[in-house]
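A.B. asks: The structure is given below, and queries will be raised subsequently.
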Amino acid sequence: MSEWTKKSPLELEDYVYKEVRVIASEKKEYRGWLLTTDPVSANIVLVNFLEDGSLSVTGIMGHAVQTVEIVGEGDHRVREKLTPLFMSGDCAAYSP
Amino acid sequence: EAPGSQECPVGQQSQESREQRARAALRERYLRSLLAMVGRQVRFTLHEGVHVTAHFGATDLDVANFYVSQLQTPIGIQAEALLRCSDIISYTFEP
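Given below as structure tokens:
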């Protein structure tokens, strides 16, 4: 178990909409915009914007997370794209 | 938002409610991301460098297991399966 699973919801919230680099078990490394962290399992959800305009969503299991590092602050445009994600139940609406 | 007060008890209470609000917002977002994954083809990275793909079905409330179908494993296709989340490092899908 890493420090990550012990963070409080307010601490977890500081990472939302930030660009992060996550190091997980077996030297796996992930990068993307952090959409949310499940406060129950500490699972992280990262979003990556692909060149064709679609999205890729990656979940990293909380038990496997070793470190989470903020590598970029989200600008206004990123935030606008991430905020409505999954919130309406109509994901297609978010493709350009 | 609580009106600004410097008194300690009010401060503690608002800290607690801020924490609760953050917990609810993070959890709701997470559950909605799982909802968006239902029926999608998901690629799972397991320990020891094993990769499998399957259609995501459901999870339990403490996210301990993923129920999947059409699980493609190195030794064949399993129609229905439960993946233990402790065996999973990450999963990826395209909504």
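One line per chain: the protein sequences are A and B, in this order. Heads up: the first sequence at position 82 corresponds to 92 in the working numbering, and the numbers run straight through without jumps. Heads up: the second sequence at position 59 corresponds to 109 in the working numbering, and the numbers run straight through without jumps. All residues carry an ideal CB built from backbone N, CA and C; glycine is no exception.
1. Within its chain, find whatever has a CB closer than 7 Å to the CB of B:V118; leave out the 5 residues flanking it on each side and keep chain order.
2. Among the candidates A:A34, A:E23 and A:V30, whose CA atom is the shortest distance from the CA of B:E69?
3. In whole angstroms, what is the alpha-carbon distance linking A:L92 and A:Y27?
4. Less than 8 Å between C-beta atoms, sequence neighbours within five positions excluded: which residues of the same chain meet that for B:N115?
5. Residues of chain A with a CB under 8 Å from the CB of B:T142: which are they?
6. May I ask you to list the residues that DSSP assigns as paired with B:I138?
7. Quick check on the burial criterion: 16 or more other C-beta atoms within 10 angstroms. Buried or exposed for B:G138?
8. Compare the C-alpha of A:V55 against each of B:R93, B:H101, B:S83 and B:L121 and name the closest.
9. Count the CB pairs spanning the region 37 to 48 of chain A and the region 72 to 79 of chain B that are closer than 8 Å, and state whether there are at least three.
10. The alpha helix (DSSP H) spanning A:L79 covers which residue range?
11. Measure from the alpha carbon of B:P124 to the alpha carbon of each residue in B:Q65, B:R73, B:T95 and B:A72, then state which is nearest.
12. In the structure shown, what three-state DSSP assignment does A:V55 receive?
C.D. replies: In short:
1. Walking along the second sequence from the start, residue 118 of chain B turns up at place 68. Counting only Cβ-Cβ distances below 7 Å, and skipping sequence neighbours, we find A104, H105, F106, G107, A131 and L133.
2. What you label residue 69 of chain B is simply residue 19 of the second sequence in a count that begins at 1. When only C-alpha atoms are compared, the closest one is A:E23.
3. Here the question's residue 92 of chain A lines up with position 82 in the first sequence. Here the question's residue 27 of chain A lines up with position 17 in the first sequence. Straight-line Cα distance between these residues: approximately 7 Å.
4. As a working mapping, residue 115 of chain B is identified with position 65 in the second sequence. Correct list, in chain order: T109, L132, L133, R134 and C135.
5. Residue 142 of chain B sits at position 92 when you count from the first residue of the second sequence. In chain order: S66, V67, T68 and G69.
6. By one-based count along the second sequence, residue 138 of chain B stands at place 88. Looking at the DSSP output, B:I138 bridges to B:L96.
7. For the purposes of this step, residue 138 of chain B is identified with residue 88 of the second sequence, where counting begins at 1. Correcting the residue type first, residue 138 of chain B is Ile in the shown sequence and not Gly. Around the Cβ of B:I138, a 10 Å sphere holds 16 or more other Cβ atoms; the residue is buried.
8. Here residue 55 of chain A is taken as the residue at index 45 of the first sequence, counted from 1. Comparing Cα positions, the closest option is B:S83.
9. Yes, since at least three Cβ pairs between the region 37 to 48 of chain A and the region 72 to 79 of chain B fall closer than 8 Å, the two stretches touch.
10. One-based indexing of the first sequence puts residue 79 of chain A at position 69. The residue you asked about is not Leu; residue 79 of chain A is Glu in the sequence shown. Careful: A:E79 lies outside any alpha helix (DSSP H), inside the beta strand (DSSP E) at V75 to G82.
11. Along the second sequence, one-based indexing puts residue 124 of chain B at 74. Ranking the options by Cα distance to B:P124, first place goes to B:T95.
12. Translated into the one-based positions of the first sequence, residue 55 of chain A becomes position 45. Of the three classes helix, strand and coil, the one that applies to A:V55 here is strand, per DSSP.
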